[in-house]
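Reviewing the structure listed below.
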Amino acid sequence: MKGKAEIIEHSICYHCGETCLEEQVSYDEKQFCCSGCKVVYELLSENNLCAYYKLGPQPGNTQKINGLGERFAYLDQDEIRQRLVKYSNNENDYLKFHVPGMHCSSCIWLLEHLNRLDDGIIKSTVDFVHKEITLVINRNQTSLRRVVELLVRIGYTPELNLEQYNRKDQKQKRNTRIYKIGLAGFAFGNIMLMSFPEYFSGGIYHEEDFRNIFGILNLVLAIPVFLYSASEFLENALLCFRQRVINIDFPIAIGIVAMFISSTYEVLSGKGAGYFDSMTGLVFFMLIGRNFQNKTFDWLSFDRDYKSYFPIAIQRITGKNRIPVPVPVQELKVNDLILVRNQEIIPADAMLLSDQAIIDYSFVTGESRPVECARGERIFAGGRILGSGAELVVQHEVLHSYLTQLWNQSSGKKIFRSGFQKMVESISRWFVVFTLLIAGISFIYWYQDGNMERGIHAFTSVLVIACACALALSAPFTYGNMLRILGRKGIYLKNAGVLEKMSDIDTVVFDKTGTLTEAHKASMCYEGITLGSRENQAVANVALNSTHPLCRHIGAALHTQRTYVKNLEETTGAGVSGSTDGYYIQLGNARYLGLIRESGKPEGSEIHLRINGEYKGVFRFRQYFRTEASTVIRDLRKQGQHIYVVSGDHEYERRALSEITGQDHHLYFEQQPHQKKEFINALAEKGNKVMMMGDGLNDAGALLNSHVGLSVAEDVNNFTPGSDGIILGSQFGHTAALLRYAKAGKRIIIISFIISLFYNFAGLWFAVQGNLSPVIAAILMPISTTSLVLYTVIASTLKARQLKLM
Amino acid sequence: MSVILILIGFSLLVAGSFLLAFLWSVNDGQYDDDVSPAVRILFEDESKPDSEN
């Protein structure tokens, strides 16, 4: 009567490196996680492209989507082809695609050897930095559609979307910045060269003419820098007058203008050589700082833009014959009838016309459990249809739909006004006032002393030397560097604001399953009536549809074919049920199935099984805590954090959990997702700054409501829009170090402000005396900016090394 | 000593042409991708077995 399920060993797919959990396919003495990966391998080996695998371990992308069929049929349409093809001549088409799946040198190799897979491809060139591929194809031998299908088959799905049209502007903007920097650098270097005589002659020239000539030359070189390179600072400063708010560019612009005007006056009146070297140097360094800031943010912004999810064409059903015709999404109007097929994304808010549809809203809500919708229900854009296609009536136009608002509102979280931003803004205001005050005072002093010329000189010198660049440079450089370092380690934070929020955290709440324990490694055994193979299959299919990691484990462990499950119902954290193949399966905890606990405590996590109303048995799990879990929690406690654990599991785990955490209180069990969310809210109301760590699937709500929400993922595909960051499961051990690092970042920035103050005082000391010679200004400015930047970067890197984050 | 003016003029000319060359190369897109060329030179040409007639 009793049976035991096998303990299955999991191997790694030769192509993509994922663990072969569900269906394992063998071919050519290698294991693959699905038939998709195997097909790609077949394709590559038949064409002698196996070098792909030699360049790196398991370079492929997982292939777990089945079949292409008619999905790209619309690419045969001329009108749509026109939009995607960059350029055509007699025989050839030039195509350019964004392929986000590129991630390593094997990808570059494979994508540049596409001509071996399709003779119609004449040439393919990869731009790895922008993840783009440019193809030249022969129209007679192949087509846009075939090329796209090929790319999808080998795992490099191209993005076909509206985004492409905006890319040109981005490039223009990037280039303009680089021109400005190039020009400023050129002028800076040459002006400095020509200022050497001024520096080293001790103020005495052999020939006055030279001084004038050099001065004029410097002026000529500086003019384009002032008008072109510095334009963004000047424009932003002008905005201050219109908006009546002082922003960071205002003091910088004042400095630049003061330098330019006073230097021009000095040169033209023959009185001196001016400060053109300092001015151009300042512009040069500030532009570099801005560029770095933008680059870091670009690199880190979560790659997927909202618009990138929409297919370009959708099937519109028109006419009496109800024939679906592909049309570009922009042409959809309200009340159009559309047909959205399996795996396709819904482009606009619509109403369901078919009897039933299954929709995956994971992109929208983070819930990876598909939603079943009935006729007449409202369907939201961004959802993905699973299973049979659905007919929908469009309710809203594509761009104005509900989702754009959602996404633009930073995924529903309260908008965080960075404490630093506020501080920087208020410091800028005081800085300007202070500088003008000092300038004015020194002028008045010298004027009273009878030395008006010196007074003017002092006035402009003060304006020139007072540099607020630290305010603009410290935070971006520090946080930018930190985010990059963390990203390389496997900790992906949404933006710099998250780091700032992290430095305030005083409470950490952990979810248990999947966070403190490793979901993949639970050991399972089955006690109960032995199941036939068809029953096994049915159980596995229902289990796979669950969001609970242990339930999925059941599904994965029983290797099986996928079948369609009807009437799927899940109560998160309690159980799941559904019908397939004639069996009605119920899987869940004792309470979900209405069982009365007989005696004693359960020995482990239990999932009971009932088929067609008849109780069959129970799956028992022993979960393994991560080895680092205990150290992390103790470390956090030493830092002064309050630790809580909330779990959906039963109390039985209390003893094991208190051993791991080293505390007996603050451990809560049998928490439903909404209770977890309320728990976080309660803590927040008491004034605690909470960081929640969960697995993103069951904890989406709690993550959203915490000060900082981190989802622990075993692979980066487990992404929830509601979380502030993703930390790879393998890096969990660095959690305590992460919080320390965030605090350190704040300290580094404050210290850099202090350093900048020191430079300012030194410079002002010379300036108020009217003693600020160009030499000193030229030395102080670049030294202060470079040393500041160097300090922030080096300090944050060293700290990372010290905390073993590098 | 005035020869220095000629020298400076000339050097500015040369430096200026370098600046122009830089601006042109950025505009031409040569700096857009700095990763792939490095990888590309390391690819080996494998001759297909049936390419010999």
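Here the protein sequences come in this chain order: H and C. Last residue of the first sequence? That's 2256 in the working numbering, and every number before it is there in order. Last residue of the second sequence? That's 55 in the working numbering, and every number before it is there in order. Ideal Cβ positions, reconstructed from N, Cα and C, are used throughout, including at glycine.
Look up residue i in the DSSP assignment and say whether it is helix, strand or coil.
i, result
"leucine 1981/H", "coil"
"histidine 1465/H", "coil"
"leucine 1481/H", "It is glutamine, not leucine, that sits at residue 1481/H in the sequence shown. Here glutamine 1481/H sits in strand by DSSP."
"lysine 1546/H", "strand"
"histidine 2092/H", "strand"
"glycine 1551/H", "coil"
"glutamine 1765/H", "strand"
"cysteine 1690/H", "helix"
"glycine 2028/H", "strand"
"asparagine 1668/H", "helix"
Taking only beta-carbon atoms, is residue i less than 8 Å away from chain C?
i, result
"phenylalanine 1734/H", "no"
"serine 1679/H", "no"
"isoleucine 1663/H", "yes"
"isoleucine 1558/H", "yes"
"valine 1586/H", "no"
"tyrosine 1629/H", "yes"
"asparagine 1945/H", "no"
"histidine 1548/H", "no"
"glutamine 1632/H", "Note that residue 1632/H is glycine in the sequence shown here, rather than glutamine. Chain C, which has a Cβ nearer than 8 Å to the Cβ of glycine 1632/H, makes this yes."
"phenylalanine 1578/H", "yes"
"phenylalanine 1636/H", "yes"
"asparagine 1565/H", "no"
"asparagine 1640/H", "yes"
"asparagine 1625/H", "yes"
"serine 1555/H", "yes"
"leucine 1853/H", "Any reading at leucine 1853/H must be qualified, since the residue scores a pLDDT of 35, below 50, and its modelled position is unreliable; the value itself is stated next. It does not; no Cβ of chain C falls within 8 Å."
So if DSSP puts residue i in a beta bridge, which residue, or which two residues, is it bridged to?
i, result
"methionine 1801/H", "Arg1828/H and Val1843/H"
"serine 1973/H", "Arg2072/H"
"alanine 2163/H", "Leu2178/H"
"methionine 2141/H", "Val1958/H and Val2158/H"
"aspartate 1810/H", "Arg1834/H"
"histidine 2058/H", "Gly2038/H and Val2068/H"
Does any residue of chain H have a CB that is nearer than 8 Å to the CB of residue i?
i, result
"alanine 23/C", "no"
"leucine 14/C", "yes"
"leucine 9/C", "no"
"serine 38/C", "yes"
"aspartate 35/C", "yes"
"lysine 50/C", "Below a pLDDT of 50, predicted positions are generally treated as unreliable, and lysine 50/C, at 47, falls in that range; the measurement from the model is reported next regardless. It does: the Cβ of lysine 50/C has a partner Cβ on chain H nearer than 8 Å."
"valine 5/C", "no"
Using the C-alpha atoms, what's the distance from residue j back to residue i?
i, j, result
"arginine 1692/H", "isoleucine 1604/H", "55 Å"
"leucine 2000/H", "phenylalanine 2071/H", "8 Å"
"lysine 1546/H", "valine 1597/H", "11 Å"
"glutamate 1492/H", "threonine 1607/H", "18 Å"
"glutamate 1541/H", "leucine 1499/H", "27 Å"
"methionine 1902/H", "glycine 11/C", "37 Å"
"alanine 2290/H", "glutamate 1977/H", "As shown, chain H starts at 1451 and ends at 2256. That puts residue 2290/H outside it, with no answer to give."
"phenylalanine 1676/H", "phenylalanine 1683/H", "10 Å"
"glycine 2195/H", "tyrosine 1929/H", "7 Å"
"lysine 2126/H", "phenylalanine 2182/H", "21 Å"
"arginine 1754/H", "glycine 1551/H", "Confidence at arginine 1754/H is low in this model, with a pLDDT of 32, below 50, so its placement is unreliable and the value that follows should be read with caution. Spanning the two alpha carbons is a distance of roughly 12 Å."
"glutamate 2135/H", "leucine 1933/H", "29 Å"
"glycine 2112/H", "threonine 1967/H", "16 Å"
"serine 1679/H", "aspartate 1727/H", "14 Å"
"isoleucine 1583/H", "serine 1574/H", "7 Å"
"arginine 1766/H", "alanine 1824/H", "21 Å"
"tyrosine 1895/H", "serine 1712/H", "20 Å"
"valine 16/C", "asparagine 29/C", "20 Å"
"isoleucine 1829/H", "leucine 1981/H", "39 Å"
"alanine 1946/H", "leucine 1921/H", "15 Å"
"phenylalanine 1664/H", "serine 19/C", "20 Å"
"tyrosine 1725/H", "phenylalanine 1927/H", "27 Å"
Show which residues of chain D have a CB atom less than 8 Å away from the CB atom of residue i.
i, result
"glycine 2098/H", "Chain labels in this structure do not include chain D; the protein chains are H and C."
Inside the region 1560-1609 of chain H only - beta strand (DSSP E) runs reaching at least 3 residues: 1571-1577 and 1582-1588
Whole runs of the alpha helix (DSSP H) within the region 1918-1944 of chain H, excluding any shorter than 4 residues: 1919-1939
Any beta strand (DSSP E) of 3 or more consecutive residues that is wholly inside the region 2194-2230 of chain H: none
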